[in-house]
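Numbering (full-length UniProt numbering), first residue to last: 1 to 225.
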Amino acid sequence: SSDSTPTGELQGRAQSSLGAISSQGGQVQYSDKKVPNNRPQSVDSSRQVPSPKDFRNVKKSLVSLVTAKLADEKINLSQEPYSTKLGECRIPPPLIQRYSEELKHDVTSVCTVLEQVRVHSLTTQHRPVIQMENLADKCSLGAELKTSSIPDFFISIGLPMYISTVIGQNYKYLEQLYKLTNQEIRDITGAPHKHAKRISHALTWVKKKMTAQIGSDESGLIDRV
């Protein structure tokens with residue numbers, strides 16, 4: 001049942017992140033490599049605050065599309081985990097890639113708008129801001145796939161709007177989602193086919209990695225006995 005404690009809970013909860021996500025050929029890919037930190041650029045919060053209508057090198061229509069989509073999905077880029085307390089950018093690449101696909105605009109333009117929206121929001125709140133100039137490059141490198149909890153997982157794959165629905169169905173641990181089919185994921189989340197497919201793909205990858213990790217741990221234990 002959905003409220004039972006799953007096998008391997010301790011291993012799953014002990015591992016806060018597992019590998020990395022990258023995008024190749026428009027499809028989200030996963031790897032074991034960690035993503036290097038990018039060096040951000042500080043922004044003087046005392047300077048004039050840029051407004052969405054002043055964004056350069058992007059269509060004004062894209063600004064409206066992005067801000068409307070963020071509002072619809074209840075994503076606040078000025079709050080954690082999208083911005084740290086120091087004002088650093090932590091927007092997950094899968095979220096950027098999804099917006100690029102769904103809004104039919106290139107990743108670079110979407111990155112520009114998302115980061116400017118984030119910077120603008122932080123600056124108007126008189127909070128610290130560290131601007132990420134190479135956000136598009138970060139997308140090509142990949143991102144950590146979080147596995148410590150259901151909220152962390154859905155945020156890391158760029159689909160945070162399904163967190164409350166899944167938890168509301170009495171799913172407490174990520175392991176409980178491993179056995180779900182695409183259709184069951186759609187029924188539980190109410191997500192469209194493409195979103196359900198993203199969720200299923202990520203869960204399958206995590207399950208394989210966790211199984212391999214547990215097997216390796218058990219093998220090591222046998223060797224030591």
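Glycine is no exception: its CB is placed at the ideal position from the N, C-alpha and C atoms.
In the DSSP assignment, find the alpha helix (DSSP H) that holds D137 and state where it starts and stops. That run of the alpha helix (DSSP H) goes L135 to L141.
Using a Cβ-Cβ cutoff of less than 6 Å, which residues in the same chain neighbour G158 once the five nearest sequence positions on both sides are dropped? P92, P94, L95 and R98
Three-state secondary structure assigned by DSSP to L95: helix
T124: which of Q169, L77, R186 and I163 sits nearest, CA to CA? Ranking the options by Cα distance to T124, first place goes to L77.
Where does the unbroken alpha helix (DSSP H) through A68 begin, and where does it stop? K60 to D72
Compute the Euclidean distance between the alpha carbons of T165 and T189, then round it to the nearest angstrom. One C-alpha to the other measures close to 6 Å.
At least 3 beta-carbon pairs within less than 8 Å: the stretch 129 to 141 vs the stretch 104 to 114: Verdict: yes, contact present.
Bridge partners - Y83, DSSP secondary structure assignment: For clarity, residue 83 is Ser in the given sequence; the question names Tyr instead. Partner(s): C89.
E152 burial status per 10 Å Cβ neighbour count (16 or more: buried): It should be pointed out that residue 152 corresponds to Asp in this sequence rather than to Glu. Counting of Cβ neighbours within 10 angstroms places D152 among the buried residues, the total reaching 16 or more.
If you run the structure through DSSP and keep just helix, strand and coil, what is Y173? Coil, per DSSP.
Excluding sequence positions up to five away, which residues of its chain have a Cβ less than 8 Å from the Cβ of A191? L159, Y162, I185 and I199
How would you write the range of the alpha helix (DSSP H) that N182 sits in, first residue to last? In the DSSP annotation of this structure, the continuous segment of the alpha helix (DSSP H) that includes N182 starts and ends at N182 to T189.
Near G25, which residues of its chain fall below 6 Å by C-beta distance, leaving aside the five closest residues on each side in sequence? Residue placement at G25 is poorly supported in this model, since its pLDDT is 43, which falls under 50; the coordinates are not used for a value here.
Compare the Cα-Cα distances from E144 to each of Y171, V129, Y173 and A202 and report the closest residue. A202
Three-state secondary structure assigned by DSSP to Y178: coil
Would you kindly work out how many angstroms separate the C-alpha atoms of Q176 and Q131, rounded to a whole number? Here the alpha carbon of Q176 sits roughly 38 Å from the alpha carbon of Q131.
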